[in-house]
Amino acid sequence: MTNSLHEVHDLLLEKFGPQHWWPGRTPFEVIVGAVLVQNTSWKNVEKAIDQLRQVDLLEPHALHDVAVDELEELIRPAGYFRVKARRLSSVVAFIVQRYEGSLQRMFSTSIDTLREELLSVHGIGPETADSILLYAGGLPVFVVDAYTHRILTRHGWIDFEADYHAVQQFFYDHLPQDVALYNEYHALLVRLGKDYCRKSKPKCNECPLRELLPDGGPIEPE
DNA sequence: TGCCAGGCCGGGT
DNA sequence: ACCCGGCATGGC
69 MTNSLHEVHD LLLEKFGPQH WWPGRTPFEV IVGAVLVQNT SWKNVEKAID
119 QLRQVDLLEP HALHDVAVDE LEELIRPAGY FRVKARRLSS VVAFIVQRYE
169 GSLQRMFSTS IDTLREELLS VHGIGPETAD SILLYAGGLP VFVVDAYTHR
219 ILTRHGWIDF EADYHAVQQF FYDHLPQDVA LYNEYHALLV RLGKDYCRKS
269 KPKCNECPLR ELLPDGGPIE PE
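Residue numbering for the first sequence is 69 to 290, as defined by our numbering.
Right under this line is the structure:
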């Protein structure tokens, strides 16, 4: 790693500008979005969120009172709607039962404890948990997603085999603990990924990070 | 048109 | 401990 991760962040910020993540109006809306966006484009999620807003379901107790099959129809545009309706129900049940529906209380819990609790909820894995902690809770947690992994492996910064925790640790090892930095950085990596690091149609030769690499360019995609 | 999107779970080896 | 299929709509 000849260049600090700071430089990468600064270059991306210079090129793309602030991303203003998370695109949610309230912490609860961010949580709902975090579940709905799993392996799905944000565009689809927006439609589902809009439908929930139309019927005033973007708050814990209201959503908790909705039947699953009704929820399914409302979130249909987000895809995987049966699965996600149940996942949302689980998350909301957790918030209502464990924290009386208060995100204020929920985010008062220590990060490590809350992370473990979130991971124990059906439908919440590492990325969703961390997205909730960072983007809904404003806590210093770095979010790793498929783009992050792909970008780092294609540039030879980490092994392809690196798992979620290893990738996350890579950022913790090279960055100061800074919520605003974590927030912007993840958003910028996703932005970069969409333009230059898609699973298919990668445009590594045009990648703006190319100039930061010692050998003049990203390695070939796997 | 086919392939993929800001994952996660459960069953099979 | 892996490995893999299933889940589903909408966009390029």
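All residues carry an ideal CB built from backbone N, CA and C; glycine is no exception.
Contacting residues, own chain, Cβ-Cβ under 6 Å from residue i (five flanking each side not counted)
i    : result
L243 : L73
A204 : P95, V98 and I99
F239 : F210
Y253 : H77
A102 : T196, S199 and I200
A116 : L104, I143, P145 and A146
L131 : L125 and V160
For residue i, the first and last residue of its enclosing alpha helix (DSSP H)
i    : result
Q183 : Checking the sequence shown, residue 183 turns out to be Arg, not Gln. Where R183 is concerned, the enclosing alpha helix (DSSP H) stretches over I179 to S188.
F238 : Y232 to H242
G261 : V247 to Y264
F210 : Looking at the DSSP string, F210 is not in any alpha helix (DSSP H), and its letter there is neither H nor E.
E97  : P95 to L104
T196 : P194 to S199
P128 : P128 to H132
W110 : W110 to Q122
I163 : F149 to Y167
D137 : V136 to L142
Per-residue burial, residue i [other beta carbons within 10 Å of its own, 16 or more giving buried]
i    : result
Q245 : exposed
E279 : exposed
V293 : As displayed, the chain neither begins before 69 nor continues past 290, which places residue 293 out of reach and without an answer.
V151 : exposed
Residue i versus residue j: straight-line alpha-carbon distance, rounded
i    : j    : result
Q106 : R121 : 20 Å
P86  : A255 : 9 Å
R222 : N273 : 12 Å
I163 : D241 : 32 Å
D137 : A153 : 8 Å
K267 : E168 : 41 Å
K271 : T108 : 21 Å
Chain-order list of residues whose beta-carbon lies under 7 Å from that of residue i (same chain, five-residue window excluded)
i    : result
H88  : none
I179 : L201, L207 and V209
8 Å CB neighbourhood of residue i in its chain, flanking five on each side removed
i    : result
M174 : I163, R166, Y167, L182 and G205
Subject >> contact_flag[the stretch 183-190, the stretch 222-236] where n(CB pairs < 8 Å) is 3 or more >> reply: Judged by Cβ distances under 8 Å, the stretch 183-190 makes no contact with the stretch 222-236, as fewer than three pairs qualify.
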